[in-house]
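Residue 29 is where the sequence shown starts when you use the working numbering, and the numbers rise one by one after that.
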Amino acid sequence: MFKTIANAWKIPDLRKKMLFTIFVVFVFRVGSVIPVPFLNVEALKVLVAGWNEGGTNLLSYMDAFSGGAFSNATLFAMSVTPYINSSIIMQLLTVAIPPLERLAKEGTEGRKKIATITRYVTVLLGIVQGSAYYIYLLRSGIVDYTGWNFSGIFAALVIILTFTAGTALMMWLGEQINQNGLGNGISILLFVGIIARLPVTLGKLWAFFDLGLKGQTQYIIYTILFIVLFLAIIWVIVFMNDAERRIPVQYAKRVVGRKMYGGQNTHLPIKVGLSGVMPIIFASSILSIPSTILLFIGEDTPTGFWKAFFDAFDMGGWIYTVLYFVLIIGFAYFYVTIQYNPVEMSNNLRQNNGTIPGIRPGKPTADFIAKILSKITLIGALFLALIAILPLLFSDFTGMRGLMMGGTSIIILVGVALETMKQLESQMMMRHYKGFLD
Numbered sequence: 029m030f031k032t033i034a035n036a037w038k039i040p041d042l043r044k045k046m047l048f049t050i051f052v053v054f055v056f057r058v059g060s061v062i063p064v065p066f067l068n069v070e071a072l073k074v075l076v077a078g079w080n081e082g083g084t085n086l087l088s089y090m091d092a093f094s095g096g097a098f099s100n101a102t103l104f105a106m107s108v109t110p111y112i113n114s115s116i117i118m119q120l121l122t123v124a125i126p127p128l129e130r131l132a133k134e135g136t137e138g139r140k141k142i143a144t145i146t147r148y149v150t151v152l153l154g155i156v157q158g159s160a161y162y163i164y165l166l167r168s169g170i171v172d173y174t175g176w177n178f179s180g181i182f183a184a185l186v187i188i189l190t191f192t193a194g195t196a197l198m199m200w201l202g203e204q205i206n207q208n209g210l211g212n213g214i215s216i217l218l219f220v221g222i223i224a225r226l227p228v229t230l231g232k233l234w235a236f237f238d239l240g241l242k243g244q245t246q247y248i249i250y251t252i253l254f255i256v257l258f259l260a261i262i263w264v265i266v267f268m269n270d271a272e273r274r275i276p277v278q279y280a281k282r283v284v285g286r287k288m289y290g291g292q293n294t295h296l297p298i299k300v301g302l303s304g305v306m307p308i309i310f311a312s313s314i315l316s317i318p319s320t321i322l323l324f325i326g327e328d329t330p331t332g333f334w335k336a337f338f339d340a341f342d343m344g345g346w347i348y349t350v351l352y353f354v355l356i357i358g359f360a361y362f363y364v365t366i367q368y369n370p371v372e373m374s375n376n377l378r379q380n381n382g383t384i385p386g387i388r389p390g391k392p393t394a395d396f397i398a399k400i401l402s403k404i405t406l407i408g409a410l411f412l413a414l415i416a417i418l419p420l421l422f423s424d425f426t427g428m429r430g431l432m433m434g435g436t437s438i439i440i441l442v443g444v445a446l447e448t449m450k451q452l453e454s455q456m457m458m459r460h461y462k463g464f465l466d
């Protein structure tokens, strides 16, 4: 990998792309430490000291993606979460609304129009999300100016619009990386945000190891186990990222004029991780809603039935773990269903004179592909579910809460690194550079 980067650096065009990407990352990190006005930063640090230690509410979930910007209420506190949500909404609407579906099939122009709509939806979601965060800060006594007077209203508008502007700026920075840099812009920013939290995780790891040196020897074993488990998870993710089921396809020969086309044998690759990290994002977002509501309730903590209800969604509870596992599998099937249509895949094969050996064209081919998709999705869903709950089981078993990175973060880190390296190698190959894999 390092030799590939070194060889790419020798190519002027790729060096410019790499430098531009580094510059955008620098701008992102600078924006992550610029505080939003009219907020009491010291009081905010005291507020987040509790839930940021290892909670599973929506706020800690967003803080992990923002590289700590969310807990410090800085310019990029909202991170790219509104953009991700907007993209998910547009994907779902493209399947559900015929005009959007037709627009998606119009090629480059259609995709540009959908991208424009996605940007507007991102800004709208940024306003909603920024307003919700402002209300939480207001109720927690973090806002310096409150009330229905001019100062209070002005402070509210500035805070909400600053959060929204930060989201729009991050979206624009991601698009600039797509056009002039290297890799997927939004993924790169997510990658950098997660990497920025690694020193905090390492600091906690050292604190536990120090407890082991001071007499609590079990923490030395837990620390070693953590490192081994972390490396094992990375290896499994790398292995599963390239795993695929290849369906053999044979194309019939056809004569056009004096030339003969087709006749070759190839395959239809179906990746095991078809849904990517989306099922984990869906499941964790839904399960974090009760604990986030509890945060907004504040001093009016419920008792009786509602207390038991909220306790059931605690990160350390077995109910949470079971629901998390089931929801990930369910959302994996849901996501694959809306993204891949076996009937359409069968029709494309038939239109190109392609057949699967031993399977008749038409409905039998569609049923065969659907059966393969179902099996592959189950394997991929079980893989995602195990990766997601392993950190929870580790924290519950060892008591080292707030230490293990979430499954979502690890998959994003490994996935973005692999995809960026593949894109770098493909661009080097396009420039006929030889020896980069030597």
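For glycine and all other residues, C-beta sits at the position ideal for the given N, C-alpha and C.
Note that the structure is predicted; figures quoted are calculated from it, not measured.
Inset, instruction - May I ask you to report which of helix, strand or coil DSSP gives Leu210? - result: coil
Inset, instruction - Tell whether a beta-carbon distance below 8 Å holds between Ile216 and Thr49. - result: yes
Legend entry - CA-to-CA distance, Ile357 to Leu410, given in whole angstroms: 7 Å
Legend entry - DSSP state of Tyr363 mapped onto helix, strand, coil: helix
Legend entry - Coil, strand or helix - Ile298 by DSSP: strand
Legend entry - For Arg273, the residue or residues it bridges with in DSSP: Ile298
Inset, instruction - Measure how close the beta-carbons of Val228 and Thr436 come, nearest whole angstrom, since I'm counting them as under 8 Å. - result: Actually they do not touch by this definition, with Cβ atoms about 17 Å apart.
Inset, instruction - Identify, in the order they occur along the chain, each residue of the same chain with its Cβ nearer than 7 Å to the Cβ of Leu351, setting aside the five sequence neighbours on each side. - result: Excluding residues up to 5 positions away in sequence, Leu315 lie with their Cβ nearer than 7 Å to the Cβ of Leu351 in the same chain.
Inset, instruction - Determine the closest residue to Ser312 out of Ile142, Leu241, Leu355, Lys335, with distance taken between C-alpha atoms. - result: Leu355
Legend entry - Minimum C-alpha distance to Ser454 - residue among Ile181, Leu166, Tyr162, Leu210: Leu210
Inset, instruction - Taking the CB atoms as reference points, tell me whether Thr102 and Ile62 lie closer together than 8 Å. - result: For Thr102 and Ile62, yes; Cβs fall inside 8 Å.
Inset, instruction - Express the C-alpha separation of Ala271 and Gly301 in angstroms, rounding to a whole number. - result: About 8 Å.
Legend entry - Distance, Arg274 Cα to Gln292 Cα: 15 Å
Inset, instruction - May I ask which residues mark the beginning and end of the alpha helix (DSSP H) holding Glu372? - result: 370 to 379
Legend entry - Val442 to Leu218 span [Cα, whole Å]: 12 Å
Inset, instruction - Along the alpha helix (DSSP H) that carries Arg43, what are the first and last residues, could you check? - result: Where Arg43 is concerned, the enclosing alpha helix (DSSP H) starts and stops at 40 to 59.
Inset, instruction - Can you grab the Cα-Cα spacing for the pair Arg139 / Pro318, in whole Å? - result: 36 Å
Inset, instruction - Note the first and the last residue of the continuous alpha helix (DSSP H) segment covering Ala143. - result: Here the alpha helix (DSSP H) through Ala143 covers 136 to 167.
Inset, instruction - Alpha carbon to alpha carbon, how far is Thr383 from Ala132? Give it in angstroms, no decimals. - result: 27 Å
Legend entry - Buried or exposed (CB count within 10 angstroms, at least 16 for buried), Asn35: buried
Legend entry - Neighbourhood of Glu129 by C-beta, 6 Å cutoff - its chain only, sequence neighbours within 5 removed: Thr122
Inset, instruction - Could you name the residues of the same chain whose beta carbon sits closer than 7 Å to that of Val151, not counting the 5 residues immediately before and after it, in chain order? - result: Thr192, Ala196
Legend entry - CA nearest to the CA of Met198, picked from Val64, Val55, Arg43: Val55
Inset, instruction - Would you kindly check if the distance between the Cβ of Leu67 and the Cβ of Val156 is under 8 Å? - result: no
Legend entry - Cβ-based neighbour list, Leu420, same chain, cut-off 6 Å, excluding 5 preceding and 5 following: Thr349
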